[in-house]
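Participant:
2 protein chains.
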Amino acid sequence: MPYTTAEENYLKAIWKLESEGLHASTNAISERLKTRPASVTDMLKKLTEKKLLHYQSHRGVQLTSEGKKISLAIVRRHRLWESFLVEKLQFPWHEVHDIAEELEHISNPSLIERLDRYLGQPKTDPHGDPIPDKEGIIKEQRQIPLSTLPANQPARIAAVSDRNSDLLELLTHKKIQIGTELKVLKRFSFDGSAEIQLKGRTQKITVSAQLSDSIFVKTENHADN
Amino acid sequence: MPYTTAEENYLKAIWKLESEGLHASTNAISERLKTRPASVTDMLKKLTEKKLLHYQSHRGVQLTSEGKKISLAIVRRHRLWESFLVEKLQFPWHEVHDIAEELEHISNPSLIERLDRYLGQPKTDPHGDPIPDKEGIIKEQRQIPLSTLPANQPARIAAVSDRNSDLLELLTHKKIQIGTELKVLKRFSFDGSAEIQLKGRTQKITVSAQLSDSIFVKTENHADN
DNA sequence: TATTTTTTTTAGATTTGTCTAAATTTTAAA
DNA sequence: TTTAAAATTTAGACAAATCTAAAAAAAATA
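First to last, the protein sequences are chains A and B.
Residues in the first sequence are numbered from 1 upward in steps of one, following my numbering.
Residues in the second sequence are numbered from 1001 upward in steps of one, following my numbering.
#1: Please identify the residue among SER189/A, ALA151/A, ASP125/A whose C-alpha is closest to the C-alpha of ALA159/A.
#2: From TYR1010/B, THR1202/B, PRO1092/B, pick the residue whose C-alpha is nearest to that of ARG1032/B; which is it?
#3: Round the Cβ separation of GLY136/A and LEU72/A to the nearest angstrom and send it over; I've been treating them as touching at under 8 Å.
#4: Using a cut-off of 7 Å between C-beta atoms, extract the partners of LEU1103/B located in chain A.
#5: So, at 6 Å on beta carbons, what are the nonlocal neighbours of ASP1224/B in its own chain, with the 5 sequence-adjacent residues on each side left out?
#6: Per DSSP, LYS139/A forms a beta bridge with which residues?
#7: Which residues bound the alpha helix (DSSP H) around GLU1031/B?
#8: Between which two residues does the beta strand (DSSP E) holding LYS183/A run?
#9: Who pairs with ILE1196/B in a beta bridge, going by DSSP?
#10: Report the residue ranges of all beta strand (DSSP E) runs contained in full by the region 1003-1067 of chain B; include only those spanning at least 3 residues, in chain order.
#11: Please state whether DSSP places LYS218/A in a helix, a strand or coil.
#12: To the nearest angstrom, how far is the alpha carbon of LEU1146/B from that of ALA1194/B?
#13: Classify THR1005/B: buried if its beta carbon has 16 or more other beta carbons within 10 angstroms, exposed otherwise.
#14: Assuming THR1180/B and ILE1196/B form a contact by the criterion Cβ under 8 Å, report the distance between their Cβ atoms to the nearest whole angstrom.
#15: Based on the DSSP output, what are the partners of THR1124/B in its beta bridges?
#16: Pull up the distance between the alpha-carbon of SER1212/B and that of ARG1187/B, whole angstroms please.
#17: At the level of alpha carbons, what is the spacing between TRP168/A and ARG77/A?
#18: Nearest chain A C-beta to LEU1111/B closer than 7 Å, yes or no?
#19: Counting only Cβ pairs nearer than 8 Å, list the residues of chain A close to ILE1099/B.
#20: Residues of the region 1064-1090 of chain B in Cβ contact with chain A at a cutoff of 8 Å, in chain order, please.
#21: Taking only three categories from DSSP, how would you classify ILE1099/B?
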């Protein structure tokens, strides 16, 4: 029942791939975890024996329902700790991801329950990502990357990738944060960049294709959440 | 510069032995860490190569000044987290040691600095043990075990061993805590037990020899601290 | 001091998680 | 559809941290 840090990291990486709608292939996992594909194959076999994955050689993997449950518990811990670091310890949001990567592996249940209560049972982390509840139920986000937002449709930033500290620094610098309202004025197919208008700013700003892929927005009209 | 969890555990165990005035022998370390003596020998060699220990075969070890510095940083982290768990998350004090054993290995310096500030730069942890400062300076305690306190000398509980959760549970149950004032009324050489009087209680209570060894007191007269 | 007991170390094995290099399988391209 | 490229797996090695069993050294006892 207690999983190693390595096992947990694999489970979380696979969960993230799945939740992004991607196929959890050996290479994709190896990129995310910065290990060699051969190492991934070994671990996939191990996790399959523990009934956490469905795996067939050369065919990638999916989480079993047990695997999903465990992954969601890890994600919950990660996001609660991120919330703690930002709200209580006043860390700038772009510094918290790496620390939370370490804290998330401490799995004492009453620690997490108390932390959750202490934070006031937050629904999302500082990046806007939803925090799974104790039972592993997570509010699915109806979010789209900024890169697919139609021009002139008002939207609000709901989440940003928390994987890249440089990204977070850039956003902080430009004072772009969760909740910022915006719309796309014009998109340039030459390089995928876009001109966007941030609500309450006079100057419009230009965002690159990479940046548009890393910012996720909710459109205002359909009332999810 | 980054040490493994195993290495840190050895350093801390050795530091504790030294700070209790004991000889850090292979067997003593192996008992504290619940590993076999052969494993200890291996690790002592490794830490010696890293210049954290002075070690001569069959002669036990001492920490080098670098080793001491690292140990104190670990102890600082441990005790700060214990404070957090009790003061902020409202854990009963006897549950925090094991969790802090995990948290202490996360060594991000700005995390610890912020945690310290958040807690109001506490001087002691919930068990009464002093917290080393950022530079590794620790306030030496002039404390004696209750078992050596002369009869009828008033004293105040300054610390208890945090290693044993059963002990802490017992103390909590009997409402004995840091700061509790007491004196020994009578000691029985038959079994080392003692009758003690707690200030503000009508009933005197009996403590076993083991318990007297695990409670550390300061006498009121000499103004240390 | 000689002998026994205890402590410590050595030697060799095991587990976990990783790696490289080579072989195999799948996918894409010609 | 054959071939080339890419992805994946196998085979074998390695480092870290542990173990058991046996040997050696130190300490205690007779």
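Virtual Cβ for every residue (Gly too), placed ideally from N, Cα, C.
Facilitator: The relevant details are as follows:
#1: ASP125/A
#2: TYR1010/B
#3: 4 Å
#4: ILE106
#5: Annotation note: pLDDT 28 at ASP1224/B (below 50); position unreliable, coordinate value reported separately. Once the five neighbours on either side are set aside, the close Cβ partners of ASP1224/B are ARG1142.
#6: In DSSP, LYS139/A forms no bridge with anything.
#7: 1026-1033
#8: 181-187
#9: VAL1184/B, ILE1205/B
#10: 1053-1055, 1061-1063
#11: strand
#12: 10 Å
#13: exposed
#14: Their Cβ separation, rounded to whole angstroms, is 10 Å, which puts THR1180/B and ILE1196/B out of contact at 8 Å.
#15: PRO1130/B
#16: 11 Å
#17: Trp is not the amino acid found at residue 168/A; the sequence shown has Leu there. Whole-angstrom Cα-Cα distance: 21 Å.
#18: yes
#19: ILE106, ASN108, LEU111
#20: LEU1085, LYS1088, LEU1089, GLN1090
#21: helix
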